[in-house]
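Undergrad: Starting off with a structure, shown below.
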Amino acid sequence: MPPMPRNLTSLTLATLMVAGQLAPAPLLAKPAASASAQAPVDAAGWMRPDPKMDRFIAELIAKMTLDEKVGQLNLLTSDWESTGPTMREGYKDDIAAGRVGAIFNAYTAKYTRELQRMAVEGTRLKIPLIFGYDVIHGHRTIFPISLGEAASWDLQAIEKAARISAAEASAEGIHWTFSPMVDIARDARWGRVSEGAGEDVYLGSLIAAARVRGYQGDDLSRPDTILATAKHFAAYGAAQAGRDYHTVDISERTLRDVYLPPFKAAADAGAATFMTSFNEYDGIPASGNRYLLTEVLRDKWGFKGFVVTDYTSINEMVPHGYSKDLKQAGEQAINAGVDMDMQGAVYMENLAKSVTEGKVDIKKIDAAVKAILEMKYRLGLFEDPYRYSNEAREKATVYKPEFLEAARDVARKSIVLLKNKDNVLPLAAGAKSIAVIGPLGNSKEDMIGSWSAAGDRKTRPATLLEGLQAGAPKGTSVTYAKGASYAFADAGKTEGFAEAIALAQKSDVIIAAMGERWDMTGEAASRTSLDLPGNQQALLEELEKTGKPIILVLMSGRPNSIEWADAHVDAILEAWYPGTMGGHAIADVLYGRYNPSGKLPVTFPRTVGQVPIHYDMKNTGRPINPADPNAKYVSRYLNTPNTPLYPFGYGLSYTSFSYSPVTLDRAKIRPGETLTASVTVTNSGARDGEEVVQLYVRDLVGSVTRPVKELKGFEKISLKKGEKRTVRFTLTDADLAFTRADMSRGSEPGQFKLWIGPSSAEGHEASFELTE
Ligand code: BGC
1 MPPMPRNLTS
11 LTLATLMVAG
21 QLAPAPLLAK
31 PAASASAQAP
41 VDAAGWMRPD
51 PKMDRFIAEL
61 IAKMTLDEKV
71 GQLNLLTSDW
81 ESTGPTMREG
91 YKDDIAAGRV
101 GAIFNAYTAK
111 YTRELQRMAV
121 EGTRLKIPLI
131 FGYDVIHGHR
141 TIFPISLGEA
151 ASWDLQAIEK
161 AARISAAEAS
171 AEGIHWTFSP
181 MVDIARDARW
191 GRVSEGAGED
201 VYLGSLIAAA
211 RVRGYQGDDL
221 SRPDTILATA
231 KHFAAYGAAQ
241 AGRDYHTVDI
251 SERTLRDVYL
261 PPFKAAADAG
271 AATFMTSFNE
281 YDGIPASGNR
291 YLLTEVLRDK
301 WGFKGFVVTD
311 YTSINEMVPH
321 GYSKDLKQAG
331 EQAINAGVDM
341 DMQGAVYMEN
351 LAKSVTEGKV
361 DIKKIDAAVK
371 AILEMKYRLG
381 LFEDPYRYSN
391 EAREKATVYK
401 PEFLEAARDV
411 ARKSIVLLKN
421 KDNVLPLAAG
431 AKSIAVIGPL
441 GNSKEDMIGS
451 WSAAGDRKTR
461 PATLLEGLQA
471 GAPKGTSVTY
481 AKGASYAFAD
491 AGKTEGFAEA
501 IALAQKSDVI
511 IAAMGERWDM
521 TGEAASRTSL
531 DLPGNQQALL
541 EELEKTGKPI
551 ILVLMSGRPN
561 SIEWADAHVD
571 AILEAWYPGT
581 MGGHAIADVL
591 YGRYNPSGKL
601 PVTFPRTVGQ
611 VPIHYDMKNT
621 GRPINPADPN
631 AKYVSRYLNT
641 PNTPLYPFGY
651 GLSYTSFSYS
661 PVTLDRAKIR
671 PGETLTASVT
681 VTNSGARDGE
691 EVVQLYVRDL
701 VGSVTRPVKE
711 LKGFEKISLK
721 KGEKRTVRFT
731 LTDADLAFTR
741 ADMSRGSEPG
751 QFKLWIGPSS
761 AEGHEASFEL
771 TE
């Protein structure tokens, strides 16, 4: 366990395995403590009725042949880059023949212009292409991986990162990003934990909306805004055993309360497109799932954009055992509500026949075509198909100094200080010789992590060594030895150890830069172990024997099991993959030029055996009694505590914060009434700093069991040393809603506990009642 802040009681430790999620849609509109950051803009601006557009599209569709219509429903990758297992040769011929509505993995003003010309000049109706790309955490200027950004708990910074990504991508001909990935991820074995906002429904929903706003702005016709995609719909993060693409088998209640809310938040924020997931839900693959794509998304949520599949996921319904052949798969997909087929060419090759045979109603095709053409119209492509492909704008936009500065700022904000024994950080003036050791200490390619779009992996990223050298105070030397390897195959080897140990011995402090190679997280990057891969752990143990202070800078895209490090090294920073400016950002934190303020968006287990572990667990009928933690016949492990190594919401600062007891303005609320919970937070340490003040709630008894804690509000505040501030959170019954026993959504009267504190495991408690 991390040390408890001195001024806090440990009253919540007994219920460490905290609670639930749910509800975010109403919460988004709620004037939460940090209301200014969370207030929705006119997000669905593009949905405003546009009779001129309706006429234009109706006339265009009336002119289209069946083949031309089906052509609009296909998305193909260019041969610039491959983000999946197949490559269709001759995609340029497909464009020229009108068989394609959109292209992905092609960018630059020049190349998109060239492909656009083929569509516009080569086809009868001159319908322009949409260019899509995985702009996930930056386009050229790369920000920290999405999980890292989430650790900032700073919605404005996250929105700004998406805005800058859109500005750069759109200047290179991109109209559409396959982001945000809003999958809740609770299994650190799953490599795609790195791509989302972590384990929590409330935080994840707010971040989903912030990212959609950032990409789309409030006007899609502005050439620096791009279409967002909420993906992967739905429940992809629940893959069994954390193995990518594996089966999902969860209850309908869990789907509604855990996995759907961030998608609902993205839809409410106006996400123009949704992407289906690879997995099945309740036995039906997502790309053939009418319940998800039509009943929930369109009928219940009122989604008006278009739905694209994930990469060849229509084809994959055959190996899933849901479709007997590709033709049937295509029929199932369009009838379920899939508008666009990514890379599968299933629609391209089968759909016209299915219509002629009466297996698919032409109305279905028309509706899909309409949804896609509307986006082309709203992007302004019918007015000028080349408006995003402008070389002068491209040159003036990418890698702008202000973008790089913003990336450095977000990277600093994303870093989480996990341990800081005896305030070894920030580095003392006396640390005149710094040894950077480890495979991530001077590796450019790792800095930007996976899914880093058109980011330069070779030359631009500042490594940790470079950042530390560039920022070193006068008279301080920073030297490097790789020492160890993160390659799985190098476990057991000791080559390089001697050099690293010799360097450590003659230095004042060791910065151990360890973690995972950039492609050990992301898609198709599941692991059965969360340990430091290769021979890094062995080197760390050797370094400890030198007796020199060790600061572990962890770079990874998932929680690693670092229990040994927690017990033995002096300080630990989780830096994720911090992006193009990452080395400078980490140096800012190590030298104390930025006081760390990140908090974990995901629980760090002690060992992989605890996974899945998340704070909002259920209590069970046999919870551990803290007074008798080793009792038999309770829900626990024989060899490891139930508690995580670092809980959700946890992160230290170079200063300290003290929390007053919680005050409630009333003990009871009725539906519709507002409860205000207040706490006064004091910066009781010696530096200015920022703190994420977190509000959790527990619904003690429900018609179905409720999680032991659920995040319901947070505010990131900045306090000068000695300064104090009262933070107020408001709650109504809408914030307490969940999927009840009868599957209706709403709150239930009864007793509630509430905590306000610095993490999910700490805080002062209060109680209130929701009456009828
Ligand atoms: C991934 C998606 C991605 C798509 C296109 C798929 O393999 O699952 O997240 O957007 O490829 O690159």
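If you read the sequence shown in our numbering, its first letter stands for residue 1, the second for the next number, and so on.
Ideal Cβ placement from N, Cα and C applies to all residues, glycine included.
From the DSSP output, read off the bridge partner residues of HIS764.
TA: ILE756
Undergrad: Are the segment 590-608 and the segment 422-436 touching by the rule of at least three beta carbon pairs closer than 8 Å?
TA: The segment 422-436 and the segment 590-608 touch, with three or more beta-carbon pairs separated by less than 8 Å.
Undergrad: Is PHE780 near the ligand BGC, with its Cβ less than 7 Å from a heavy atom?
TA: No answer is possible for residue 780: the residues shown for the chain start at 1 and end at 772.
Undergrad: Classify GLU790 as buried or exposed, calling it buried when 16 or more other Cβ atoms lie within 10 Å of its own Cβ.
TA: Residue 790 lies beyond the range of the chain shown here (1 to 772); nothing can be said about it.
Undergrad: Can you tell me where the beta strand (DSSP E) holding LEU418 begins and where it ends?
TA: 416-420
Undergrad: In three-state terms, what does DSSP make of GLY283?
TA: coil
Undergrad: Alpha carbon to alpha carbon, what distance is there between ILE372 and ASN279?
TA: Cα atoms of ASN279 and ILE372: separation of roughly 24 Å, rounded to the nearest angstrom.
Undergrad: Measuring only from the beta carbon, is ASP79 closer than 7 Å to any heavy atom that is part of the ligand BGC?
TA: no
Undergrad: Given a cut-off of 8 Å on the beta-carbon distance, is the pair GLU195 and VAL602 in contact?
TA: no
Undergrad: Is it buried or exposed for GLY757, if we count other Cβ within 10 angstroms and need 16 for buried?
TA: So GLY757 counts as buried.
Undergrad: Rounded to whole angstroms, what is the Cα-Cα separation between PRO596 and ILE572?
TA: 12 Å
Undergrad: Among ILE61, THR108, PRO647, LEU731, whose alpha-carbon lies nearest the alpha-carbon of TYR386?
TA: THR108
Undergrad: Among ARG517, THR546, ARG706, which has the Cα closest to the Cα of GLN536?
TA: ARG517
Undergrad: Decide yes or no for the touch test of the segment 466-483 against the segment 150-168: beta carbon pairs closer than 8 Å, at least 3 of them.
TA: These segments do not touch.
Undergrad: Which of helix, strand or coil does DSSP assign to MET317?
TA: helix
Undergrad: Measuring straight from C-alpha to C-alpha, what distance separates GLN332 and PHE263?
TA: 23 Å
Undergrad: Taking MET348 as part of the alpha helix (DSSP H), name the residues at either end of that continuous run.
TA: 346-356
Undergrad: With a cut-off of 8 Å on the beta carbons, I'd call ALA406 and ILE164 a contact; round off their distance for me.
TA: 6 Å
Undergrad: Kindly indicate the opening and closing residues of the alpha helix (DSSP H) around ARG213.
TA: 201-216
Undergrad: Give the range of the beta strand (DSSP E) segment to which PHE823 is assigned.
TA: Nothing in the structure corresponds to residue 823, since the chain is present only between 1 and 772.
Undergrad: Below 6 Å CB to CB, which residues in the same chain sit around ARG527 once its five sequence neighbours on both sides are set aside?
TA: ARG189
Undergrad: In this structure, what does DSSP give as the bridge partners for MET275?
TA: VAL308
Undergrad: Assign PRO647 to one of two classes, buried (16 or more other C-beta atoms within 10 Å of its C-beta) or exposed (fewer than that).
TA: When all chains shown are included, PRO647 counts as buried.
Undergrad: If you follow the alpha helix (DSSP H) that LEU468 is part of, which residue opens it and which one closes it?
TA: 464-471
Undergrad: Can you tell me whether GLU159 sits near the ligand BGC, meaning its C-beta is under 7 Å from at least one heavy atom of the ligand?
TA: no
Undergrad: What residues in its chain sit with their C-beta under 6 Å from that of ASN420, if we drop five residues either side in the sequence?
TA: For ASN420, same chain residues with a beta-carbon under 6 Å away, outside a window of 5 residues either side, are ALA571, LEU652 in chain order.
Undergrad: Less than 8 Å between the C-beta atoms of THR730 and THR674, yes or no?
TA: Cβ atoms of THR730 and THR674: closer than 8 Å.
Undergrad: For a minimum of 4 consecutive residues, which ranges assigned as the alpha helix (DSSP H) are wholly contained in the segment 96-167?
TA: 109-122, 146-150
Undergrad: If I measure Cβ to Cβ from THR682 and keep anything under 6 Å in the same chain, skipping five residues before and after, which residues do I get?
TA: SER658, LYS724
Undergrad: Can we say the segment 551-561 touches the segment 574-585, given the rule of at least three CB pairs closer than 8 Å?
TA: yes
Undergrad: To the nearest angstrom, report how far apart SER313 and LEU293 are at their CA atoms.
TA: 14 Å
Undergrad: Is the distance from the Cβ of ILE448 to the Cβ of GLY579 below 8 Å?
TA: yes
Undergrad: Select from GLY98, SER678, VAL120, THR476 the residue whose C-alpha is nearest the C-alpha of LEU695.
TA: The shortest Cα separation from LEU695 among GLY98, SER678, VAL120, THR476 belongs to SER678.
Undergrad: Is LYS63 near the ligand BGC - that is, is its Cβ less than 7 Å away from at least one heavy atom of it?
TA: no
Undergrad: If you pair each beta-carbon of the segment 354-372 with each one of the segment 54-73, do three or more pairs fall below 8 Å?
TA: yes
Undergrad: Would you identify the three-state DSSP class for SER36, choosing helix, strand or coil?
TA: With a pLDDT of only 33 at SER36, under 50, the local geometry of the prediction cannot be trusted, and no value is derived from it.
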